[in-house]
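Student:
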Amino acid sequence: MAGRRLNLATLAGAAVESTPGSSKPTLVHVAPDQVAPTPLNPRQDFDPVKLEELGNSMRTGQLQPCVGITRARYVKLFPEHEELLPDCRIVMAAGERRWKAAVHVGLPTLDVHVREDIAESRVRFLAAVLTENVERSNFNYIEEARGLQQMLEMTNGNQTQAAEKLQKSKQWFSQRIGLLRLSEEMQQLVISGELKAFRDMRMYSAMPPSDQLAAWKADRMAAKQKTDRKGSPTPARETAAPAPKPEPTYTAVYTSSSSEAGSEQPEPRAEEPLPAESPGPVPREALPVPVPRDAAPESPEVGPPSAAKQKQALAANWERWFDRLMEELSELDRHMLTKKLQRVMLSETSRVEDSQA
Numbered sequence: 001m002a003g004r005r006l007n008l009a010t011l012a013g014a015a016v017e018s019t020p021g022s023s024k025p026t027l028v029h030v031a032p033d034q035v036a037p038t039p040l041n042p043r044q045d046f047d048p049v050k051l052e053e054l055g056n057s058m059r060t061g062q063l064q065p066c067v068g069i070t071r072a073r074y075v076k077l078f079p080e081h082e083e084l085l086p087d088c089r090i091v092m093a094a095g096e097r098r099w100k101a102a103v104h105v106g107l108p109t110l111d112v113h114v115r116e117d118i119a120e121s122r123v124r125f126l127a128a129v130l131t132e133n134v135e136r137s138n139f140n141y142i143e144e145a146r147g148l149q150q151m152l153e154m155t156n157g158n159q160t161q162a163a164e165k166l167q168k169s170k171q172w173f174s175q176r177i178g179l180l181r182l183s184e185e186m187q188q189l190v191i192s193g194e195l196k197a198f199r200d201m202r203m204y205s206a207m208p209p210s211d212q213l214a215a216w217k218a219d220r221m222a223a224k225q226k227t228d229r230k231g232s233p234t235p236a237r238e239t240a241a242p243a244p245k246p247e248p249t250y251t252a253v254y255t256s257s258s259s260e261a262g263s264e265q266p267e268p269r270a271e272e273p274l275p276a277e278s279p280g281p282v283p284r285e286a287l288p289v290p291v292p293r294d295a296a297p298e299s300p301e302v303g304p305p306s307a308a309k310q311k312q313a314l315a316a317n318w319e320r321w322f323d324r325l326m327e328e329l330s331e332l333d334r335h336m337l338t339k340k341l342q343r344v345m346l347s348e349t350s351r352v353e354d355s356q357a
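If you read the sequence shown in the working numbering, its first letter stands for residue 1, the second for the next number, and so on.
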């Protein structure tokens with residue numbers, strides 16, 4: 001909220017009040033070299049190209065002022081930072097990116113809201129620093145987690161209290177500060193943008209630090225192989241000539257008609273083949289009846305077990321099926337299965353935390 005305007009000389013000569021929070025917010029216009037960022041700001045990743053874009057847009061007007069307190073009030077709160085601060089008039093709690101952009105493009109002045117109320121306590125000031133950053137979508141997860149670690153230390157390790165100071169839930173706080181369990185190599189992947197999905201960050205942070213990088217590389221390889229399989233055309237299969245079908249084998253069974261009952265039919269002998277010329281008509285009843293050699297005895301059809309029985313059988317023997325599955329899977333497939341199980345565990349943990357929140 002905007003207040004009355006003061007020039008730099010008035011601000012410099014103002015006495016520091018002994019009662020924190022009694023000063024009203026004051027909008028001042030100061031040279032960028034009279035402002036310094038707080039050493040508490042966890043944000044260290046600033047893109048020079050984006051800083052230049054922001055600085056050029058600020059030439060037509062600064063839409064959102066920076067927020068800070070006087071140097072004297074800041075040193076009262078954090079005497080250990082006195083030697084880290086340059087000779088300045090204001091120490092910022094919020095707006096370091098705007099300040100850097102103004103310096104980058106050479107703007108003559110910077111709009112700053114002087115709010116001594118945030119100097120009420122060390123925790124209150126740090127909350128102002130972190131709130132400015134966590135509400136921005138481009139804030140790095142690792143830098144955010146490092147800032148949350150500072151807040152946790154200032155609240156004596158009380159996550160509930162630390163979360164309340166930021167107006168966040170304990171679950172939100174716990175999930176983000178847990179990313180500090182990532183190894184240094186994995187944290188650099190997050191900072192560089194190679195690891196972007198928050199859910200994957202949480203999954204790797206649950207692994208032993210020595211296994212995290214290898215798991216990430218295996219996941220990347222599996223994802224690449226899957227993409228390659230989808231993108232490459234399926235090779236055409238050569239059509240082989242159909243194999244000759246074997247001639248069916250029949251067992252001839254002769255039956256006699258009622259008119260021929262009682263009369264014997266002469267059987268041909270192997271050494272005396274039947275004459276081929278002008279064969280006589282063969283009675284319909286004497287035609288061979290095909291009988292399969294290996295005909296199975298008729299049995300009543302048995303349907304598949306019900307879904308409930310299948311589920312019951314699988315639940316009762318899951319360990320045996322799991323062991324068999326692990327024996328058949330390749331090393332990469334075993335890793336993918338493990339990854340999926342870890343996701344299920346994380347989802348279940350989040351569900352329990354939500355129910356307890």
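Using N, Cα and C, we set each Cβ at its ideal position, and we do this for glycine too.
Please state if the CB of residue 37 and the CB of residue 82 are separated by a distance shorter than 7 Å.
Tutor: The residue given as residue 82 occupies position 82 in the sequence shown. The residue given as residue 37 occupies position 37 in the sequence shown. Contact flag unset, no.
Student: Which ranges would you report for the beta strand (DSSP E) in the region 29-63 if only whole runs of at least 3 residues count?
Tutor: Segments of the beta strand (DSSP E) lying fully in the region 29-63: 35-37.
Student: Quick one: what does DSSP say residue 326 is sitting in, helix, strand or coil?
Tutor: Numbered from its first residue, the sequence shown carries residue 326 at position 326. Reduced to three states, the DSSP call for residue 326 is helix.
Student: Note down the Cα distance separating residue 342 from residue 93, rounded to an integer number of angstroms.
Tutor: Along the sequence shown, read from residue 1 onward, the residue named residue 342 stands at position 342. Along the sequence shown, read from residue 1 onward, the residue named residue 93 stands at position 93. One C-alpha to the other measures close to 39 Å.
Student: Between which two residues does the alpha helix (DSSP H) harbouring residue 147 extend?
Tutor: For the purposes of this step, residue 147 is taken as residue 147 along the sequence shown, with counting starting at 1. Counting along the chain, the alpha helix (DSSP H) containing residue 147 begins and ends at 141-154.
Student: Quick check on DSSP: helix, strand or coil for residue 27?
Tutor: Position 27 of the sequence shown holds residue 27. Here residue 27 sits in strand by DSSP.
Student: Do you know how far the Cα of residue 223 is from the Cα of residue 174?
Tutor: Residue numbering aside, residue 174 sits at position 174 when the sequence shown is read from its first letter. Residue numbering aside, residue 223 sits at position 223 when the sequence shown is read from its first letter. Between residue 174 and residue 223, the C-alpha separation is close to 29 Å.
Student: How many Å lie between residue 62 and residue 146 at the Cα?
Tutor: In the sequence shown, residue 62 corresponds to position 62, counting from 1. In the sequence shown, residue 146 corresponds to position 146, counting from 1. Taking the straight line from one Cα to the other gives about 29 Å.
Student: With distances taken Cα to Cα, identify the nearest neighbour of residue 371 among 229, 172, 221, 218.
Tutor: The chain is shown from 1 up to 357; residue 371 falls before or after that span and cannot be answered.
Student: Between which two residues does the beta strand (DSSP E) carrying residue 90 extend?
Tutor: One-based indexing of the sequence shown puts residue 90 at position 90. First-last of the beta strand (DSSP E) with residue 90: 90-94.
Student: Would you grab the beta carbon distance between residue 133 and residue 116 for me? Rounded to a whole angstrom, and I think it's under 8 Å.
Tutor: Here residue 133 is taken as the residue at index 133 of the sequence shown, counted from 1. Here residue 116 is taken as the residue at index 116 of the sequence shown, counted from 1. Actually they are not in contact, since the Cβ atoms of residue 133 and residue 116 sit about 21 Å apart, beyond 8 Å.
Student: Do three or more CB pairs link the region 191-205 to the region 163-172 at distances below 8 Å?
Tutor: Verdict: no, contact absent.
Student: Ignoring anything shorter than 4 residues, give me the alpha helix (DSSP H) runs that lie fully in the region 182-235, in order along the chain.
Tutor: As far as the region 182-235 is concerned, its whole alpha helix (DSSP H) runs of at least 4 residues are 184-192, 198-205, 209-231.
Student: Put residue 107 into one of helix, strand or coil per three-state DSSP.
Tutor: On the sequence shown, position 107 is the one that residue 107 refers to. Looking at residue 107 - three-state DSSP - the assignment turns out to be coil, as it is neither helix nor strand.
Student: Out of 75, 27, 67, which one is the CA nearest neighbour of residue 99?
Tutor: Numbered from its first residue, the sequence shown carries residue 99 at position 99. Answer by Cα proximity: 67.
Student: Which partner residues of residue 69 appear in the DSSP bridge assignment?
Tutor: Along the sequence shown, one-based indexing puts residue 69 at 69. According to DSSP, residue 69 bridges with 91.
Student: Determine whether the beta carbon atoms of residue 111 and residue 65 lie at a separation below 7 Å.
Tutor: Residue 111 sits at position 111 when you count from the first residue of the sequence shown. Residue 65 sits at position 65 when you count from the first residue of the sequence shown. Against a cut-off of 7 Å, the Cβ pair of residue 65 and residue 111 comes out as a contact.
Student: Using 7 Å as the threshold, is the C-beta distance between residue 379 and residue 88 below it?
Tutor: Since the displayed the chain opens at 1 and closes at 357, residue 379 lies outside it and no answer follows.
Student: What does the alpha-carbon distance come out to for the pair residue 129 and residue 317?
Tutor: For the purposes of this step, residue 129 is identified with residue 129 of the sequence shown, where counting begins at 1. For the purposes of this step, residue 317 is identified with residue 317 of the sequence shown, where counting begins at 1. Spanning the two alpha carbons is a distance of roughly 55 Å.
Student: Which residues in the same chain have their Cβ closer than 7 Å to the Cβ of residue 84, if we skip the five residues on either side of it in sequence?
Tutor: For this step, residue 84 is matched to residue 84 along the sequence shown. Excluding sequence neighbours, residue 84 sits near 39.
Student: Quick test of your reading: residue 212 and residue 182, contact by CB under 8 Å. State the CB separation rounded to the nearest angstrom.
Tutor: Translated into positions along the sequence shown, residue 212 becomes position 212. Translated into positions along the sequence shown, residue 182 becomes position 182. Confirmed, Cβ separation roughly 6 Å.
Student: Quick test of your reading: residue 77 and residue 139, contact by CB under 8 Å. State the CB separation rounded to the nearest angstrom.
Tutor: Taking the sequence shown and counting its residues from 1, one reaches residue 77 at position 77. Taking the sequence shown and counting its residues from 1, one reaches residue 139 at position 139. Residue 77 to residue 139, Cβ: 23 Å. No contact.
Student: Please name the residue in 220, 319, 91, 210 whose C-alpha comes closest to that of residue 196.
Tutor: Along the sequence shown, one-based indexing puts residue 196 at 196. Selected option, being the one with the closest Cα: 220.
Student: Alpha carbons only, please: which of 228, 229, 200, 30 is nearest the one belonging to residue 216?
Tutor: Position 216 of the sequence shown, counted from the first residue, corresponds to residue 216. Closest by alpha carbon: 200.
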